[in-house]
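Worksheet: one structure, shown below.
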Amino acid sequence: MTRGISVAGWICALILLSVTPGSAWGLAPEEVFSKVRDSVVVLKVLNARGEQIRSGSGVLISQGRVATNCHVMEGNIGLWACRGKHCVTAAISEEDGGRDICILTAGGIGGNPATIAGSAGVKAGDPVFAVGAPGGRQPSLSVGAVTRLRGGSPPFFIQSTAAVSRGSSGGGLFDAEGRLLGLTTIQMEGGQSMSFAMTAWAEGERKSSGQAAVGGSAYIGWLTRYIELEKAGDAKKLLDWCEKWVKNDPDSAFAWHGLGGAYGRLNRHEEAIAAYRRALSVDPDYVEASIGLGNACSALNRFDEAITAYRGALGKNPEYAEVWFNLGNACVRLNRFEEAIKAYRESLRINPENAMAWNNLGFSYGNLQRHGEAVEAFQKHLLLKPDAGAWENLVIAYVRAGDREAALDALRRLQRLYPDRAAKLLERMPTR
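For the sequence shown, my numbering begins at 319 and goes up steadily by one.
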């Protein structure tokens, strides 16, 4: 029987709270494991004869309450939650199959509940620690890093390199301070090890999907195949799969977003725009769909629409350096250089190592006759990427700033490093 769960209640208030993220590297891996291992429990799924048919993992979120993936619970007639040899009867009290999150009651299980962090502020490169109980054994640790955030705002999944062994589904993904980010869900095979964690749905107005637990498993199956095809780079098969997915689940914003991405890979940008708009009609807060919409509009030179889409994404998550960069590029294409400068500055605030953002910032300053600031931007570009183009831009910026000596010095360096490019630059530059 499906039990509705108020995301504004337990999930929103516990698993999915947002807090200020900690430092990139806080505790050592063994310290994280020592801190969190007592919050991870073994779940044993029983059939009608009382025989174990499956094991999984769960995370204690308060005394006697365990969070896990709904798909771990499928087909259960009986359920145990175990810590070592100590097992207690457990039961599903609340579930949200569409998001594959179930809350169990397990009175007397004991242990120390996890400290909740949520996914707010999580970004690519952050260290993460997956702790689960593979094969029904004692908790074990896997160390990795965030590689991507997927779906919605907050993101539906955190993609990471922390390996998740069979039987670890429903375990915890923790940050460098040992705080719970989400529940480990999928492990992809081959190449880079990738795991996915169900993340915070921190907005109180979000409601339960009302789907039974089987919905979570079905969703995971669609998503797993999608990621396999995406990773393989087979755009045609990816498109076929996403078309089937949206037909099967027309209310899945993630499926429509995936369809938009598949169309984009095939340069079918009009259809991509329609798919992204459909994703946003299902979930107006889906940040990645807004980003995809902006990219598709940019590909068709519809820059006003792209700017609107990018600003929509940034209104929900202003810490996307790449989106600020794309916004700046769209503004440049419309000669809106003041807006471009603001966008590039925001991008560089978040990621000061983006050489092209410094280059494009310098170009924008130059178009507003702010040549001194253009010089500074091109110097930053040169430090990060000392190629011929960077030297050329710096020479031109010095000339326009009226700094003859600096221009000559930069030109001499260009001549030594890239004599052909220097000769072509001299041909283009006006003589006095």
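Every residue gets a Cβ at the ideal spot worked out from N, C-alpha and C, and that includes glycine.
So, is the C-beta of residue i closer than 8 angstroms to a C-beta in chain D?
i, result
"P347", "Absent from the structure is chain D; it holds one protein chain and no more."
Using DSSP with H/G/I as helix, E/B as strand and the rest coil, what is residue i?
i, result
"P704", "coil"
"Q370", "strand"
"I395", "coil"
"D493", "coil"
"S526", "The pLDDT assigned to S526 is 40, lower than 50, so where the model puts this residue is not dependable; a value taken from the coordinates is nonetheless given after this. Looking at S526 - three-state DSSP - the assignment turns out to be coil, as it is neither helix nor strand."
"R746", "helix"
"D414", "strand"
"R455", "coil"
"K441", "coil"
"A346", "coil"
"G428", "coil"
"A738", "Before going further, note that residue 738 is Asp rather than Ala in the sequence given. Three-state DSSP puts D738 in a helix."
"R718", "helix"
"L652", "coil"
"R543", "helix"
"N365", "coil"
"G690", "helix"
"G534", "Here the model assigns G534 a pLDDT of 49, short of 50, so the residue's position is not dependable, and the following value carries that caveat. G534 falls in the helix class under three-state DSSP."
"G322", "Low local confidence applies: a pLDDT of 42 at G322 is under 50, so the model's placement there is unreliable, with the coordinate-based value given in what follows. Residue state, collapsed to three classes: coil."
"G508", "Any reading at G508 needs caution, since the residue's pLDDT is 46, under 50, leaving its predicted position unreliable; the model's value is listed next. G508: coil per DSSP, three-state reduction."
Who pairs with residue i in a beta bridge, going by DSSP?
i, result
"H404", "R401"
"A409", "T423"
"S375", "V360"
"S380", "R383"
"T433", "R497"
Would you give the residue range spanned by the beta strand (DSSP E) that residue i belongs to?
i, result
"P445", "P445 to G450"
"G462", "S458 to R468"
"R383", "R383 to N387"
Check for me: the alpha helix (DSSP H) holding residue i runs from which residue to which?
i, result
"Q733", "R722 to L735"
"L679", "A673 to N685"
"A553", "A553 to N566"
"R355", "Note, R355: premise wrong, no alpha helix (DSSP H); not H, not E."
"A658", "F655 to I668"
As an exercise, report each continuous alpha helix (DSSP H) stretch of at least 4 residues that is fully enclosed by the region 575–648, in chain order.
587–600, 605–617 and 621–634
Do three or more CB pairs link the region 415–430 to the region 645–662 at distances below 8 angstroms?
no
Under 8 angstroms, with one C-beta from each stretch per pair, do the region 608–623 and the region 574–583 reach the 3-pair mark?
yes
Touch check for the region 392–401 and the region 439–446: three-plus C-beta pairs under 8 angstroms?
no
Quick check: the region 453–461 against the region 475–482, are at least 3 beta-carbon pairs closer than 8 angstroms?
yes
Sufficient close CB pairs (3 or more, under 8 angstroms) joining the region 537–546 to the region 558–565:
yes
Stretch pair the region 666–684 + the region 639–652: three plus CB contacts closer than 8 angstroms
Counting Cβ pairs under 8 angstroms, three or more are found: they touch.
State whether the region 447–457 contacts the region 380–387, with contact taken as three or more CB pairs (one from each stretch) at a distance under 8 angstroms.
no
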